[in-house]
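2 protein chains.
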Amino acid sequence: MENKEQPSKEQLILAAAEYEFLTKGYDGARTTSIASAAGVTHAMLHYYFRTKEQLFERIVDEKFRTVSHAMFNIMGDPSLPIMERIKCGIETHFDFIAQNPLLPRFVINEIITRPERYEVLHKRLESFVKNVFKSLQDEIDQEAALGKIEKIDIKMLFISIMSLNTFTFVAYPFIEPLMGELMVDREQFLSSRKAENVEIIIRRIKKQ
Amino acid sequence: MENKEQPSKEQLILAAAEYEFLTKGYDGARTTSIASAAGVTHAMLHYYFRTKEQLFERIVDEKFRTVSHAMFNIMGDPSLPIMERIKCGIETHFDFIAQNPLLPRFVINEIITRPERYEVLHKRLESFVKNVFKSLQDEIDQEAALGKIEKIDIKMLFISIMSLNTFTFVAYPFIEPLMGELMVDREQFLSSRKAENVEIIIRRIKKQ
DNA sequence: CTTTGCATTAACAAAATTGTTAGACATAAT
DNA sequence: ATTATGTCTAACAATTTTGTTAATGCAAAG
Numbered sequence: 001m002e003n004k005e006q007p008s009k010e011q012l013i014l015a016a017a018e019y020e021f022l023t024k025g026y027d028g029a030r031t032t033s034i035a036s037a038a039g040v041t042h043a044m045l046h047y048y049f050r051t052k053e054q055l056f057e058r059i060v061d062e063k064f065r066t067v068s069h070a071m072f073n074i075m076g077d078p079s080l081p082i083m084e085r086i087k088c089g090i091e092t093h094f095d096f097i098a099q100n101p102l103l104p105r106f107v108i109n110e111i112i113t114r115p116e117r118y119e120v121l122h123k124r125l126e127s128f129v130k131n132v133f134k135s136l137q138d139e140i141d142q143e144a145a146l147g148k149i150e151k152i153d154i155k156m157l158f159i160s161i162m163s164l165n166t167f168t169f170v171a172y173p174f175i176e177p178l179m180g181e182l183m184v185d186r187e188q189f190l191s192s193r194k195a196e197n198v199e200i201i202i203r204r205i206k207k208q
Numbered sequence: 001m002e003n004k005e006q007p008s009k010e011q012l013i014l015a016a017a018e019y020e021f022l023t024k025g026y027d028g029a030r031t032t033s034i035a036s037a038a039g040v041t042h043a044m045l046h047y048y049f050r051t052k053e054q055l056f057e058r059i060v061d062e063k064f065r066t067v068s069h070a071m072f073n074i075m076g077d078p079s080l081p082i083m084e085r086i087k088c089g090i091e092t093h094f095d096f097i098a099q100n101p102l103l104p105r106f107v108i109n110e111i112i113t114r115p116e117r118y119e120v121l122h123k124r125l126e127s128f129v130k131n132v133f134k135s136l137q138d139e140i141d142q143e144a145a146l147g148k149i150e151k152i153d154i155k156m157l158f159i160s161i162m163s164l165n166t167f168t169f170v171a172y173p174f175i176e177p178l179m180g181e182l183m184v185d186r187e188q189f190l191s192s193r194k195a196e197n198v199e200i201i202i203r204r205i206k207k208q
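Residue numbers (the working numbering), protein chains in the order written: chain A, 1 to 208; chain B, 1 to 208.
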């Protein structure tokens, strides 16, 4: 019977594997290390998942689903006015990355080393993203024609938002030591960083 | 004697190792694969560099030096007016990343898996960066006091610039398939992306 | 032409990592 | 009580990857 207080060995292994793969990547991860972190013998790991590869697939599947799911929320509520919608999208995206700080590097490294696996995720996102881009671009073009905002390519805007929201987390260990007191209070920093990213994008769009 | 047309085995190995390590990371790299890419037996690799670790050190050293050297150029010419200086710094940084597109991911992964090695690079950059930040901040504060530009924390600006310039290259395989025609002509895309990044930062600083 | 020293290879050895198996053990069904 | 089933372990096996060595070649110095 499923007990919430006593996770099964299988769940323990999955949790340990997730952390190991996300921090060290496929090549850096060790099945023995995963097993011992999960508190089981490494034969156990092979018993449940047969191979390292299959265990990895489980993690990749789940993480790709997480990303895919997040993309749907990030695009913002179409009923909001465009400025509000973009602002809300940025904040949702930022919060998602903040809660999954290891994910971007993992996904990127994974896609680079095994591009074929990305096709599944890409296919799932492709038409959705294209549609949202198109509707956002139409709305932007309309507002721009009225002189209310700058005319801008939504794809460029998208790249900018992704860059601003993601890079801090990916490069955290690189920049943190260079930042002095700025990043010592993590909560404080993240909140002002989020506001900054919104500000940057709003200013980019606002008519001058 | 050193011949420019016939690189030595040692140089061949170093070149192959650089590519292997930059694309696959330390864990993913194989000494046999490096050797065969260099067209030598793998015993040869061990003859010249003894261990994978030592070969890797050579590459890391060189790449960290490259980054360190780049940082000095990126901070811009102090004799220029602040706007020009920042614009020029952004462009220099962008061009550097464009010419070393594999470097950011390598450096980040390397720092995450072996933070102790970063201390050498960090120490070299620390005081320089702090000084440049301070002089830039002073200049910004002066201009802001005159109402010419927005008051802004240079460190925040620095993170924004790094993010915008770097993320595209790090996440290239992730975003490229989502971008339709935008990125098909790479040269064209990079040039407009560079201009966009400058535009974004300038708008962030300009007084509204 | 012989010695010296570095470059090179092939074959081998060691280590690390992944994967398997036979059997033990518990638990629940028959 | 016996059987069946899934869980688990310890020991072992296979594979992959790294590292070594002894022997060979080769070119320059003496």
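C-beta atoms are modelled at their ideal positions from N, C-alpha and C, and glycine is treated no differently.
Since this is a predicted model, take the numbers as computed values, not measurements.
Is there a Cβ of chain B sitting closer than 8 Å to that of residue i, yes or no?
i, result
"A/Ile90", "no"
"A/Leu178", "yes"
"A/Ala17", "no"
"A/Met75", "no"
"A/Arg204", "yes"
"A/Arg186", "no"
Is the CB of residue i under 8 Å away from at least one CB in chain A?
i, result
"B/His122", "yes"
"B/Ser191", "no"
"B/Lys148", "no"
"B/Glu83", "The sequence shown places Met at residue 83 of chain B, not Glu. False, the Cβ-Cβ gap to chain A never drops below 8 Å."
Please state whether DSSP places residue i in a helix, a strand or coil.
i, result
"B/Lys151", "coil"
"B/Lys134", "helix"
"A/Lys52", "helix"
"A/Lys9", "helix"
"A/Lys63", "helix"
"B/Lys207", "coil"
"B/Pro104", "helix"
"A/Thr258", "Past the edges of chain A, shown from 1 to 208, lies residue 258 of chain A, and the structure says nothing about it."
"A/Val129", "helix"
"B/Thr41", "coil"
"B/Val184", "coil"
Please name the residue in the options whose C-alpha comes closest to that of residue i.
i, options, result
"B/His46", "B/Ser79, B/Met71, B/Glu10, B/Val170", "B/Glu10"
"B/Pro104", "B/Met183, B/Ile201, B/Phe167", "B/Phe167"
"A/Ser36", "A/Arg50, A/Leu22, A/Ala16", "A/Ala16"
"A/His42", "A/Ala98, A/Leu12, A/Ser127", "A/Leu12"
"A/Ile140", "A/Glu84, A/Glu53, A/Ser33", "A/Glu84"
"A/Arg58", "A/Thr92, A/Glu18, A/Asn100, A/Gly76", "A/Glu18"
"B/Arg65", "B/Arg124, B/Ile159, B/Met44, B/Gln142", "B/Arg124"
"B/Thr51", "B/Arg30, B/Met75, B/Gln188", "B/Arg30"
"A/Glu143", "A/Lys207, A/Arg186, A/Ser192, A/Leu121", "A/Lys207"
Short check: CB of residue i to CB of residue j, under 8 Å?
i, j, result
"A/Leu164", "B/Ser163", "yes"
"A/Arg203", "B/Arg114", "no"
"B/Val170", "A/Ile108", "yes"
"A/Leu190", "B/Lys155", "no"
"A/Lys148", "A/Phe106", "no"
"B/Glu53", "B/Ile34", "no"
"A/Ile205", "A/Glu119", "no"
"A/Thr92", "A/Ile74", "yes"
"B/Ile201", "B/Ile82", "no"
The segment 95 to 124 of chain B: which residues have C-beta closer than 8 Å to a C-beta of chain A, in chain order? Pro104, Arg105, Val107, Ile108, Asn109, Ile111, Ile112, Thr113, Pro115, Tyr118, His122
Q | Where the segment 128 to 141 of chain A meets chain B: residues whose CB sits under 9 Å from a CB there | A | Val129, Lys130, Phe133
Output needed in chain order: residues of the segment 161 to 174 of chain B with a Cβ under 7 Å from some Cβ in chain A. Against chain A - using a Cβ distance shorter than 7 Å - the residues of the segment 161 to 174 of chain B are Met162, Ser163, Leu164, Thr166, Phe167, Thr168, Val170, Ala171, Pro173, Phe174.
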